[in-house]
Amino acid sequence: AQKVTQAQTEISVVEKEDVTLDCVYETRDTTYYLFWYKQPPSGELVFLIRRNSFDEQNEISGRYSWNFQKSTSSFNFTITASQVVDSAVYFCALSEAGTYNTDKLIFGTGTRLQVFP
Amino acid sequence: DAGVIQSPRHEVTEMGQEVTLRCKPISGHDYLFWYRQTMMRGLELLIYFNNNVPIDDSGMPEDRFSAKMPNASFSTLKIQPSEPRDSAVYFCASSLRTGPYNEQFFGPGTRLTVL
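Those protein sequences? They're chains A and B, same order as listed. Numbering-wise, our numbering comes out as the position in the first sequence, counting from 1, plus 3. Numbering-wise, our numbering comes out as the position in the second sequence, counting from 1, plus 4.
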């Protein structure tokens, strides 16, 4: 079965703290893609990153970094030195792209991050 | 590019009324997706189209919901008759199929309230 689990419903931190958002996935496929989207209070969903199943290199983009570990089926997202503007709901998503390719994105339930000044 | 455009942004209607939500995908994108977001169920895929043809409508909740894509630049999601439990934010997204993955670009959403 294909499934994305974001066990953390809500996280609150104080500005400048580092915070890690967890994502665990299940898939039947050997080829798949993982995504993170951000949904700020304004409501739109903003694409942050895409990772394919053959590339386990960690990625860093400014204060954002992603840790992909196939051994634990996890794709965690870390924000370093968090800022108030990081307050949003963050969604992890999975797309199976091999034998079970259906063109669908399967979303987790999201983690609400609140960053207080 | 203007991104995915949805209208209206907010809709308030009374139970039993017909509701039509509209979406214009990004030009050149050949996949279009309709999602519904609620607190209880999170983000649910309702239906998606490829080259204007519905591919999978298994997420459509019931016969009261219908979706069409008459051309590559326009799609509608209709609810008739509407019920209070249909209150949600409805998102449209589009993607360009350039490989075995699909980065989806989302519209701003339509917040529907059925009284």
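Even for Gly, the Cβ is constructed at its ideal location relative to N, Cα and C.
Any chain B beta carbon closer than 7 angstroms to residue i
i	result
lysine 73/A	no
glutamate 13/A	no
phenylalanine 80/A	no
glycine 107/A	According to the sequence displayed, residue 107/A carries lysine and not glycine. With 7 angstroms as the cut-off, lysine 107/A counts as an interface residue toward chain B.
phenylalanine 110/A	yes
phenylalanine 119/A	no
phenylalanine 50/A	yes
arginine 53/A	yes
Residue i - containing beta strand (DSSP E), residue span
i	result
isoleucine 14/A	13-17
alanine 92/B	92-99
alanine 10/A	Where alanine 10/A is concerned, there is no enclosing beta strand (DSSP E), given that its DSSP letter is neither H nor E.
valine 27/A	27-29
leucine 116/B	114-118
proline 74/B	69-75
serine 4/B	The requested residue 4/B is not part of the displayed model; chain B covers only 5 to 119.
arginine 13/B	First-last for arginine 13/B: undefined, no H or E at that position.
Any C-beta of chain A under 7 angstroms from that of residue i
i	result
glutamine 108/B	yes
leucine 116/B	no
leucine 47/B	yes
proline 104/B	Bear in mind that the predicted position of proline 104/B carries a pLDDT of just 46, short of 50, making it unreliable; the figure below should be weighed with that in mind. It does: the Cβ of proline 104/B has a partner Cβ on chain A nearer than 7 angstroms.
Integer-rounded CB distance, given that residue j should sit under 8 angstroms from residue i
i	j	result
asparagine 55/A	asparagine 61/A	Not a contact, Cβ separation roughly 14 angstroms.
aspartate 21/A	glutamine 9/A	That pair is no contact at about 18 angstroms.
valine 93/B	glutamine 41/B	5 angstroms
alanine 94/A	tyrosine 40/A	Correcting the residue identity first, residue 94/A is phenylalanine in this sequence and not alanine. Rounded, the Cβ-Cβ distance is 5 angstroms, consistent with contact.
leucine 116/A	serine 77/A	Going by Cβ atoms, the distance from leucine 116/A to serine 77/A rounds to 18 angstroms, so no, they are not a contact pair.
Residues that residue i contacts on chain A, provided the C-beta gap is smaller than 9 angstroms
i	result
tyrosine 94/B	Correct list: empty, because the minimum Cβ distance to chain A is about 11 angstroms.
Within chain B, partners of residue i - CB distance below 8 angstroms
i	result
glycine 46/A	Val93, Pro112, Gly113 and Arg115
lysine 2/A	With chain A covering 4 to 120 only, the question about residue 2/A has no answer from this structure.
Per-residue contacts from residue i into chain B (C-beta, under 9 angstroms)
i	result
phenylalanine 94/A	Gly46 and Leu47
leucine 1/A	Since the first and last residues shown for chain A are 4 and 120, residue 1/A lies out of range.
Proximal residues of chain B, C-beta to C-beta of residue i below 7 angstroms
i	result
glycine 65/A	The premise fails here: glycine 65/A is roughly 19 angstroms from chain B at the closest Cβ pair, so nothing lies under 7 angstroms.
Stretch-stretch touch, CB-based, cutoff 8 angstroms, three pairs: the stretch 86-99 of chain A with the stretch 34-48 of chain A: Contact holds: three or more Cβ-Cβ distances are below 8 angstroms.
Inter-stretch contact at 8 angstroms, needing at least 3 Cβ pairs: the stretch 15-31 of chain B / the stretch 104-115 of chain A: no
Sufficient close CB pairs (3 or more, under 8 angstroms) joining the stretch 32-51 of chain B to the stretch 82-100 of chain B: With three or more CB-CB distances shorter than 8 angstroms, the stretch 32-51 of chain B counts as touching the stretch 82-100 of chain B.
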